[in-house]
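Peer 1: Numbering (the numbering used here), first residue to last: 9 to 277.
For each residue, glycine too, the CB sits at the ideal point set by N, CA and C.
Questions regarding the structure given below will be posed in turn.
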């Protein structure tokens with residue numbers, strides 16, 4: 009397959025909060041992450057079965073602004089709960105932000121909001137919520153159970169967008185594109201060159217071995233109606249990894265540069 013030249017640390021204190029101006033209750037922001045690890049079995053297609061580790065991260069947001077509309081809704085919800093149950097909830101779920109707020113934190117915010125109203129005779133624009141939290145699940149690409157090999161030299165080394173940059177550099181240094189070259193993963197492993205099909209297949213295997221959600225896609229260029237490359241899902245968005253254009257033959261371009269638009273999804277790994 010041919011490819012034409014592309015177109016194209018520390019937690020904030022909650023004991024004292026200064027009021028800046030007349031309309032806001034303000035503090036600095038930050039995050040803290042607490043990890044818990046769960047291990048599940050997963051069969052990697054075209055690879056041997058390995059154990060994939062997933063991390064459940066408790067992300068603590070030290071300080072986040074809650075504007076007046078959301079604050080009024082929180083107070084209303086808490087009051088309705090108390091009227092129904094006879095006591096306040098242990099946690100308030102702030103759905104608009106996907107965050108949970110503990111009783112201690114929301115009572116602190118209500119107290120600061122109320123004090124502001126007493127002092128200035130009007131509502132603040134927002135109040136800071138301290139130590140709200142949420143849980144997120146991510147894959148652990150540093151899983152030591154994924155073994156490196158001649159065919160998977162980057163296993164356990166790649167994570168996030170930085171991992172894509174590392175893959176780009178590896179392919180540029182160790183592989184190259186060749187018209188009429190191998191069009192499969194195995195062929196590229198053996199010869200260190202490949203056409204766009206082979207390079208896409210090779211890159212997809214490396215990404216799959218690092219727990220990326222990956223798919224091989226196809227589109228038309230000025231030289232081929234069936235050019236292939238890879239897309240990777242990061243933070244819910246599909247990002248292009250142009251496995252041919254990163255090679256020296258095509259000028260060692262960034263992985264995000266493309267020479268075709270997706271017309272067909274070949275397979276998702």
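Determine the extent of the beta strand (DSSP E) in which residue 275 is found, giving its start and end residues.
Peer 2: As a working mapping, residue 275 is identified with position 267 in the chain shown. Segment 272-276, the beta strand (DSSP E) holding residue 275.
Peer 1: Compare the beta carbon distance of residue 137 and residue 72 with 9 Å and say whether it is the shorter of the two.
Peer 2: Taking the first residue of the chain shown as 1, we reach residue 137 at position 129. Taking the first residue of the chain shown as 1, we reach residue 72 at position 64. Contact flag set, yes.
Peer 1: Pick from 125, 104, 96 and 277: whose alpha carbon is nearest that of residue 112?
Peer 2: Against the chain shown, residue 112 aligns to sequence position 104. Closest option to residue 112, Cα to Cα, is 96.
Peer 1: In or out: residue 128 buried (at least 16 other Cβ within 10 Å) or exposed?
Peer 2: What you label residue 128 is simply residue 120 of the chain shown in a count that begins at 1. When all chains shown are included, residue 128 counts as exposed.
Peer 1: Nearest CA to the CA of residue 205: which residue from 253, 164, 241 and 123?
Peer 2: Numbered from its first residue, the chain shown carries residue 205 at position 197. Considering only alpha carbons, the answer is 253.
Peer 1: Nearest to residue 276 by CA position, among 255, 221 and 249, is which residue?
Peer 2: For the purposes of this step, residue 276 is identified with residue 268 of the chain shown, where counting begins at 1. Cα-wise, what sits closest to residue 276 is 221.
Peer 1: Expressed to the nearest angstrom, what Euclidean distance is found between the alpha-carbon atoms of residue 107 and residue 256?
Peer 2: Along the chain shown, read from residue 1 onward, the residue named residue 107 stands at position 99. Along the chain shown, read from residue 1 onward, the residue named residue 256 stands at position 248. Straight-line Cα distance between these residues: approximately 46 Å.
Peer 1: Does the beta-carbon distance from residue 133 to residue 169 come in below 9 Å?
Peer 2: By 1-based counting over the chain shown, the position of residue 133 is 125. By 1-based counting over the chain shown, the position of residue 169 is 161. In this structure, residue 169 does not lie closer than 9 Å to residue 133 by Cβ.
Peer 1: When the Cα atoms are used, what is the spatial distance from residue 203 to residue 182?
Peer 2: The residue you call residue 203 lines up with position 195 of the chain shown. The residue you call residue 182 lines up with position 174 of the chain shown. Rounded to the nearest angstrom, the two C-alpha atoms are 15 Å apart.
Peer 1: Please go through the same chain and pick out, in chain order, the residues whose beta-carbon is closer than 6 Å to the beta-carbon of residue 225, but skip the five residues on each side of it.
Peer 2: Reading the chain shown from its first residue, position 217 is the one you call residue 225. Contacts found: 239, 270 and 273.
Peer 1: Between the C-alpha atoms of residue 207 and residue 190, what's the straight-line distance to the nearest angstrom?
Peer 2: Your numbering for residue 207 matches position 199 in the chain shown. Your numbering for residue 190 matches position 182 in the chain shown. C-alpha separation (whole angstroms): 9 Å.
Peer 1: Expressed to the nearest angstrom, what Euclidean distance is found between the alpha-carbon atoms of residue 251 and residue 157?
Peer 2: As a working mapping, residue 251 is identified with position 243 in the chain shown. As a working mapping, residue 157 is identified with position 149 in the chain shown. When rounded, the distance between both Cα atoms is 20 Å.
Peer 1: May I ask which residues mark the beginning and end of the alpha helix (DSSP H) holding residue 122?
Peer 2: Against the chain shown, residue 122 aligns to sequence position 114. Here the alpha helix (DSSP H) through residue 122 covers 111-128.
Peer 1: Quick check on the burial criterion: 16 or more other C-beta atoms within 10 angstroms. Buried or exposed for residue 266?
Peer 2: Counting from 1 along the chain shown, the entry for residue 266 is found at position 258. Burial call: buried.
Peer 1: In angstroms with no decimal places, state the Cα-to-Cα distance between residue 166 and residue 218.
Peer 2: Position 158 of the chain shown, counted from the first residue, corresponds to residue 166. Position 210 of the chain shown, counted from the first residue, corresponds to residue 218. So the alpha carbons of these two residues sit roughly 6 Å apart.
Peer 1: Would you tell me roughly how many angstroms separate the C-alpha atoms of residue 215 and residue 171, rounded to the nearest one?
Peer 2: Within the chain shown, residue 215 is the residue found at index 207, counting from 1. Within the chain shown, residue 171 is the residue found at index 163, counting from 1. Approximately 9 Å, taken between the alpha carbons.
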